[in-house]
Amino acid sequence: MQEQQQYPYGRPVPPKKTDSRPQEQDDKGMLRLNPLLMPLDELPRNLFMKGREGAVWHYSVVEAEREVHGVKQTVPVAMLGSEEILTVLTEEELNGLLANMQDAARRQAQANPDEQVAVPTMEDLKKGIDKLGHPTIAAAFAPNGETRVGDAMISGEVRVFPSENRIVLNDKSGRYMSEKVRPGLDPQEAAQWGENVRKLFSAQLPGVKVEFEQIKTLRPPENAAIAQSANAMLPPAGQGAATGVPQAGPASSAHLGGAAAPTTNKAARR
């Protein structure tokens, strides 16, 4: 209980695999910032509901300095960005962004005729702005202003459904929510973090239905429950041998449990 009161969004932890994604580093090896990085409390009210159907944003709750009643305090702040930015931006927005980047490259080339300045293509743009994960959203800053990998509390996705006036948060972040960085985490405790972050988004988005779906921090089904489900699918006793249907045992239970348990895929490793 004391832990929950002190860290209502989970304890801040560093991410796993901080050096495995070269696209998250700039030419000097410094952590890149997510192109859509912004704090939740600065989010334009209608940005989600005027956006693309099924857009996938990402969030991380971090410790940040804010002024509260005239006093600077360290408080939890939800930061937003997107690892799947191509689901967020429209073709018109992409074309406009590309045009601005190309104009900037041409101006640079004119100002520095001795330098070779490449004019970016649409393919360059898409490769440069996509697949930037949670560490680029939970980034911290050194005293000299350089970016560095930061710690984060609960982190996950924000899936947007404007046609339903609804967003769905989850805890899908392998970088900040996996067993490796949060060993022995109680799923009920993680569920409470999810409820707290749901309330945080709901307060910022009045009139929008905000839901939370627990995915990454759920445990696999208990063996007893698996066996019970398996037995329910089998024919009455004595028919298994005649029909070739296996009886529920360790092997068949494990197989059915694997099908029912939440899957781990590349998207869950953000």
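Per full-length UniProt numbering, residue 1 is the first one in the sequence shown, and the count goes up by one each step. Positions of the beta carbon are idealized from the N, C-alpha and C atoms, including for glycine. Given the structure is predicted, the values throughout are model-derived calculations rather than measurements.
Please list the terminal residues of the continuous alpha helix (DSSP H) segment that includes M177.
Segment G174 to M177, the alpha helix (DSSP H) holding M177.
Going along the chain, which unbroken runs of the alpha helix (DSSP H) with 4 or more residues stay wholly within the region 92-153?
The region 92-153 contains these whole alpha helix (DSSP H) runs: 122-129.
Starting from the C-beta of K50, find all residues in its chain whose C-beta is less than 8 Å away, skip the five residues before and the five after it, and write them out in chain order.
Same-chain partners within the cutoff: P162.
Roughly how many whole angstroms lie between the Cα atoms of N265 and K216?
With a pLDDT of 44 at N265, under the threshold of 50, the modelled position of that residue is not reliable, and no figure is offered here.
What whole-angstrom Cβ distance do S60 and S155 have, given they're in contact under 8 Å?
Indeed, because the Cβ distance is near 4 Å, the residues count as touching under 8 Å.
According to the Cβ coordinates, are G194 and E213 closer than 9 Å?
Against a cut-off of 9 Å, the Cβ pair of E213 and G194 comes out as a contact.
Would L31 and Q25 qualify as a contact pair, given that the criterion is a beta-carbon distance under 9 Å?
Yes, these two residues count as a Cβ contact at 9 Å.
Starting from N170, follow its DSSP beta bridges and name the residues at the other end.
BP columns for N170 point to E213.
Around the Cβ of A224, are there at least 16 other Cβ atoms within 10 angstroms (buried) or fewer (exposed)?
Any answer about A224 is weak, because its pLDDT of 49 lies below 50 and its placement is not dependable; what the coordinates show is given next. A224 should be labelled exposed.
Under the three-state reduction of DSSP, which class applies to P15: helix, strand or coil?
Coil, per DSSP.
CB-CB under 8 Å to E211, same chain, minus the five flanking residues each way: which ones, in chain order?
Within the same chain, E211 has close Cβ partners R166, I167, V168, L169 and R198.
Is A203 helix, strand or coil when you go by DSSP?
Of the three classes helix, strand and coil, the one that applies to A203 here is helix, per DSSP.
Am I right that A190 and D171 are in contact with their C-beta atoms under 8 Å? What's the rounded C-beta distance?
Yes, A190 and D171 are in contact; Cβ-Cβ is about 6 Å, under 8 Å.
Could you give the distance in angstroms between the alpha-carbon of G10 and the alpha-carbon of H58?
For G10 and H58, the distance between alpha carbons rounds to 17 Å.
Between the Cα of D41 and those of R107, Y176, P206 and R219, spot the shortest distance and give me the residue it belongs to.
Selected option, being the one with the closest Cα: P206.
So, at 7 Å on beta carbons, what are the nonlocal neighbours of I129 in its own chain, with the 5 sequence-adjacent residues on each side left out?
So the list reads P35 and I85, once near-sequence residues are dropped.
With a 10 Å radius around its C-beta and 16 neighbouring C-beta atoms as the bar for buried, classify E115 as buried or exposed.
It is exposed - the Cβ of E115 has fewer than 16 other Cβ atoms within 10 Å.
Can you tell me whether DSSP reads L31 as helix, strand or coil?
Of the three classes helix, strand and coil, the one that applies to L31 here is strand, per DSSP.
Looking at E63 and P76, is the spacing between their C-beta atoms short of 9 Å?
Contact: yes.
Among the candidates L97, L98, N46 and V119, whose CA atom is the shortest distance from the CA of R106?
Residue V119 is the option with its Cα nearest to R106.
Report buried or exposed for R148, applying the criterion of at least 16 other Cβ atoms within 10 angstroms of its Cβ.
With fewer than 16 other Cβ atoms within 10 Å, it is exposed.
By DSSP's criteria, F5 is part of a beta bridge. Which residues make up the other side?
Strictly speaking, residue 5 in this sequence is Gln, with Phe absent from that position. Answer by DSSP bridge pairing: none, since Q5 is not bridged.
Go through its chain and collect everything with a Cβ distance to K131's Cβ below 7 Å, but skip five positions before and after it.
Once the five neighbours on either side are set aside, the close Cβ partners of K131 are Q23 and E83.
Run through DSSP, which three-state label would A241 get?
Because the pLDDT of A241 is 40, which lies under 50, any placement of that residue in the model is unreliable, and the number read from its coordinates should be weighed accordingly. Three-state DSSP puts A241 in a helix.
Specify, as a first and last residue, the run of the beta strand (DSSP E) that M79 falls within.
Counting along the chain, the beta strand (DSSP E) containing M79 begins and ends at V71 to G81.
Can you list, in chain order, the residues of its chain with a C-beta nearer than 8 Å to that of S73? Leave out the 5 residues immediately preceding and following it.
Note that residue 73 corresponds to Gln in the displayed sequence, not to Ser. E65, R66 and E67, listed in sequence order.
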